[in-house]
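Trainee:
Numbering (my numbering), first residue to last: 321 to 482.
Below you can see the structure in the form of structure tokens.
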């Protein structure tokens, strides 16, 4: 039995969590990540055949050392950035409402169509990812699922409390 030093274990754990978080931010499956990493490697002149199983092995912690192909995964993430606003940027960013929308504010009925449950789940999961570093991803996924299921019903019943 090989004993992994604590520093190495922490580094692998951080890598595992980073890969999983970045993959979920892009709404990619492990298969899609493997394909994107293969494309990124090909763009850089390397020919690799990365499989979904390898990604899953890394994310579930079955690998006990950092594989060589991790750099191609990071290249794939770099090649496909996610648009995120940091808290500093979001505090300086202000939405400018067009004139046409300003005029229609008074006639708004207050009824808007909600996105489908899958989109709501992804939205809530994206909001929950940076919250509570000690909360597992599975717990956050469960919370996002529950919120996505119950939000439409809750919004229908909100008039009861007004």
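No residue lacks a Cβ here, since even glycine has one placed at the ideal position from N, Cα and C.
#1: Using a Cβ-Cβ cut-off of 6 Å (strictly less than) and excluding sequence neighbours within five positions of residue 375, which residues of its own chain qualify?
#2: Using the Cβ count rule (16 or more neighbours within 10 Å means buried), how would you classify residue 364?
#3: With distances taken from CA atoms, which of 473, 381, 440 and 472 is nearest residue 461?
#4: With 16 other CB atoms within 10 Å as the buried threshold, where does residue 342 fall?
#5: On the criterion of 16 or more Cβ atoms from any shown chain inside 10 Å, does residue 478 qualify as buried, or is it exposed?
#6: Along the chain, where does the alpha helix (DSSP H) containing residue 343 start, and where does it finish?
#7: Using C-beta distances below 7 Å, list every residue in its chain close to residue 437, excluding the 5 sequence neighbours before and after it, in chain order.
#8: Leaving out the 5 sequence neighbours to the left and right, which residues in its chain are closer than 7 Å to residue 464 when beta-carbon positions are compared?
#9: Tell me the DSSP secondary structure of residue 465 in three-state form.
#10: Tell me, to the nearest whole angstrom, how far the beta carbon of residue 368 is from that of residue 389; I am working on the premise that it is less than 8 Å.
#11: Pick out whichever of 366, 380 and 329 has its Cα sitting closest to the Cα of residue 457.
#12: For residue 546, which of 345, 378 and 476 has the nearest alpha-carbon?
#13: Can the beta-carbon of residue 402 be found less than 8 Å from the beta-carbon of residue 345?
#14: What separation, rounded to the nearest whole angstrom, lies between the Cα atoms of residue 387 and residue 398?
#15: Looking only at its chain, what residues have a beta carbon closer than 8 Å to the beta carbon of residue 272, apart from the 5 residues adjacent to it on each side?
Mentor: This is what the structure holds:
#1: The residue you call residue 375 lines up with position 55 of the chain shown. Once the five neighbours on either side are set aside, the close Cβ partners of residue 375 are 350, 353 and 354.
#2: Translated into the one-based positions of the chain shown, residue 364 becomes position 44. By the neighbour-count rule (16 or more Cβ atoms within 10 Å), residue 364 is not buried but exposed.
#3: Sequence index remark: in the chain shown, residue 461 carries index 141 (1-based). Nearest option by C-alpha distance: 440.
#4: Walking along the chain shown from the start, residue 342 turns up at place 22. Label assigned to residue 342: buried.
#5: For this step, residue 478 is matched to residue 158 along the chain shown. With fewer than 16 other Cβ atoms within 10 Å, it is exposed.
#6: To locate residue 343, count along the chain shown from 1; it is residue 23. Start and end: 326-345.
#7: Counting from one through the chain shown, the residue named residue 437 turns up at place 117. Counting only Cβ-Cβ distances below 7 Å, and skipping sequence neighbours, we find 468 and 469.
#8: The residue given as residue 464 occupies position 144 in the chain shown. Within the same chain, residue 464 has close Cβ partners 441, 444, 445 and 448.
#9: Position 145 of the chain shown, counted from the first residue, corresponds to residue 465. It is helical.
#10: Working through the chain shown from its first residue, we reach residue 368 at position 48. Working through the chain shown from its first residue, we reach residue 389 at position 69. Contact holds; Cβ gap of about 6 Å.
#11: For this step, residue 457 is matched to residue 137 along the chain shown. Per the Cα distances, 380.
#12: Residue 546 lies beyond the residue range present for the chain, which begins at 321 and ends at 482; the question has no answer from this structure.
#13: In the chain shown, counting from the first residue as 1, residue 402 sits at position 82. In the chain shown, counting from the first residue as 1, residue 345 sits at position 25. For residue 402 and residue 345, yes; Cβs fall inside 8 Å.
#14: As a first step, residue 387 is located in the chain shown; it is residue number 67 there, counting from the start. As a first step, residue 398 is located in the chain shown; it is residue number 78 there, counting from the start. If I take the Cα positions, the gap works out to 18 Å.
#15: Past the edges of the chain, shown from 321 to 482, lies residue 272, and the structure says nothing about it.
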